[in-house]
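Have a look at the structure below before the remarks.
In my numbering, the protein residues as written are 2 to 139.
Structure follows, in structure tokens:
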């Protein structure tokens with residue numbers, strides 16, 4: 002079984018500080034896992050404690066061994082990107098134009114938007130996007 006073999010007192014202090022101060026629950030769990038592994042807990046015990054797959058525990062340990070604390074922190078830009086983004090002016094303009102052209106007919110607005118953007122969106126996605134824009138009359 003694999004365990005974290007060496008932690009300096011400074012690293013242990015940093016891990017404990019992150020556990021007590023961070024709002025990031027995932028990072029907190031990763032730091033706890035590294036400390037528990039160093040204290041001798043086996044992977045099976047860690048899997049049971051953190052309710053994650055064995056591969057996750059090994060990934061956390063490998064990340065620690067490669068880059069220490071910085072490697073445990075998720076990089077920005079992960080996850081599913083929005084189909085409609087209020088930061089993209091072309092999306093905002095297409096939706097506004099569609100509402101001007103098809104006032105009151107949400108289905109036609111949706112159809113128009115879906116022909117103009119690369120990823121088709123659902124009725125609910127369009128509704129949430131419009132809510133973010135706070136387009137009057139919608």
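Glycine included, each C-beta is placed from N, C-alpha and C at the ideal position.
Collapsing the DSSP output to three states places residue 103 in coil. Taking a contact as a CB-CB distance under 8 Å, the pair residue 73 and residue 79 does not count as one, their CB atoms being some 14 Å apart. Annotation: residue 17 to residue 5 spans about 16 Å, alpha carbon to alpha carbon. Under the three-pair Cβ rule at 8 Å, the region 103–122 counts as touching the region 79–93. Of all C-beta pairs linking the region 54–68 to the region 87–99, fewer than three are shorter than 8 Å, placing the two stretches out of contact. CA-to-CA, the gap between residue 13 and residue 114 works out to about 53 Å.
Scanning its chain for C-beta atoms nearer than 7 Å, with the 5 sequence neighbours on each side dropped, one finds around residue 102 the residues 113, in chain order. It is roughly 31 Å from the alpha-carbon of residue 28 to the alpha-carbon of residue 89. In the three-state DSSP reduction, residue 43 falls in the coil class, being neither helix nor strand.
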